[in-house]
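Q: In the numbering used here, the protein residues as written are 256 to 569. Following this message is one structure expressed as C-alpha cells.
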Ligand code: TXA
Ligand code: MG
C-alpha cells in the first residue's frame, strides 16, 4: 500500500507497523529505504529476506540526530566536526559500535562497527524520534537491482513484501549517500556520493583515503550492483543504432539525456530512473555516453561501472 508521507495519519501508521516489527518503505533525499526497527532482530531479518541480501552485508541505521547516534557508536572529534557540518544529509559514518549497543547484531553483519546516517526528510526524522530508536534501512530494491528513486519503483520491486510504502515524491539527490569510515582518526571513503572527498577533507582538516579496489568492506565494492537486466556498455561514442538504447549527457543527446545542460547534479538525480527506462525499452543493449569523472561524476561513474559489470553474484 502506498500512502503520501504527509497524508493524515501516515506517520502514525508507519510508527505502528515499525513498532510491530513490520517493514515500511521510506523516502529519503538519496533513494527510498526499506526500513525496520533496528533493535528488533526478527524485523531486521525480514529486511535481508525481502531483499534477498547476503547476510554478510551490513545495514545503515538511520537516526534522528547526533544524540541518538551517540547512544550506539563512539563519536570522536573528527566525526563530530563532520556531523555538525553535514547532518542531516547524505553522509553515512561507519564508526566503532559501542560495547553495550542494544541494536540487532545483524545490522552490523558481525562487524564491530555500525553505519549511521541522519536523513534530510523531516517526516522520517520525526518518525525515528518518536520510535526513539534508529531504523535500519538499505535501499528498497531487490539485492543487486537498480535503487528506487520514487514510490512506484519500490512497489515494482518489493511491493508484495512491505506493509506500507510512504510516498515522499521523487528523491532530490537520487544517488545513495557517501559512506566514510573513521578508524583511529583515519578517514576512508567506502562509497562515493554527492558529498565529496575534498569537501570532507576540508572540514575534517585531514586527508580522505580511497578504499576502491581494496578488500570488500561494503557491497558497493562488489562488482555487479545496481544492474539492469539488459547488458550495459560505457563510454559509448558510436552513432545511433536501432538495437541500442543510448543514455546521453550534455550535447551527446542519446535516446534519453541525463542532463541536456551537462549538469552532473541533475544527471545524478536522473541516473537510476534512466537506467530503468532504458531497461524497459527492450533493446539488445544499453550504452551510456562518457560522463566526466569529476565532482558528482565520480559517484555517477561508480554506479555505472557496477551496472555494467558481469552479473557474477546478482
Ligand atoms: O543513501 C543511502 O545510504 C540509502 C538510504 C536508504 O539511506 N541506503 C543505502 O543502503 O544505500 P544500502 O544497504 O543499499 O547500502 C549501504 C552500504 C552497503 O554497501 C553496506 O555494505 C555498507 O553500506 N555498510 C553498512 N554498514 C557497514 C559497516 N558497518 N561497515 C562497512 N560498510 C557498511
Ligand atoms: Mg543498495
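Note that beta-carbon positions come from the ideal geometry of N, C-alpha and C, so glycine has one too.
1) Confirm the yes/no value for this check: CB of residue 394, any heavy atom of the ligand MG, distance under 7 Å.
2) Rounded to whole angstroms, what is the Cα-Cα separation between residue 492 and residue 545?
3) Report the start-end ranges of each beta strand (DSSP E) in the stretch 454-537 that is 3 residues or longer and not cut off at the edges.
4) In the DSSP assignment, find the unbroken beta strand (DSSP E) run with residue 330 in it and report its ends.
5) Taking 8 Å as the threshold (C-beta atoms), are residue 504 and residue 402 in contact?
6) In the DSSP assignment, what are the bridge partners of residue 421?
7) Pull up the DSSP beta-bridge partners for residue 316, would you.
8) In the DSSP assignment, find the unbroken beta strand (DSSP E) run with residue 446 in it and report its ends.
9) So for residue 361, helix, strand or coil by DSSP?
10) Among 566, 417 and 435, which has the Cα closest to the Cα of residue 277?
11) Per DSSP, what kind of secondary structure is residue 280 in: helix, strand or coil?
12) Would the stretch 405-414 count as touching the stretch 296-304 if we require 3 or more Cβ pairs under 8 Å?
13) Assess contact between the stretch 342-355 and the stretch 431-451, defined as three or more Cβ pairs (one per stretch) separated by less than 8 Å. Is contact present?
14) For residue 389, is the classification buried or exposed, using 16 other Cβ atoms within 10 angstroms of its Cβ as the cut-off for buried?
15) When DSSP labels each residue in this structure, what does residue 438 get in the three-state scheme?
16) Measuring only the C-alpha atoms, how far is residue 456 from residue 308?
17) When we look at the beta-carbon of residue 260 and count the other beta-carbons within 10 Å, is it buried (16 or more) or exposed?
18) What do you reckon, is the C-beta of residue 432 under 7 Å from a heavy atom of the ligand MG?
19) Flag this pair as yes or no: are the beta carbons of residue 531 and residue 481 separated by less than 8 Å?
20) Please go through the same chain and pick out, in chain order, the residues whose beta-carbon is closer than 6 Å to the beta-carbon of residue 500, but skip the five residues on each side of it.
21) Indicate the three-state DSSP secondary structure (helix, strand or coil) for residue 269 in the structure shown.
22) Go ahead and label residue 323 buried or exposed: buried means 16 or more other beta carbons lie within 10 angstroms of its beta carbon, across all protein chains shown.
23) Please state if the CB of residue 265 and the CB of residue 279 are separated by a distance shorter than 8 Å.
24) Would residue 395 and residue 313 qualify as a contact pair, given that the criterion is a beta-carbon distance under 8 Å?
A: With the given structure in hand:
1) yes
2) 8 Å
3) 463-465, 486-488 and 499-503
4) That residue, residue 330, is in no beta strand (DSSP E); it is neither H nor E in DSSP.
5) no
6) 258
7) 371 and 391
8) 441-446
9) helix
10) 417
11) strand
12) no
13) yes
14) buried
15) strand
16) 32 Å
17) buried
18) no
19) no
20) 510, 533, 536, 538 and 541
21) helix
22) buried
23) no
24) no
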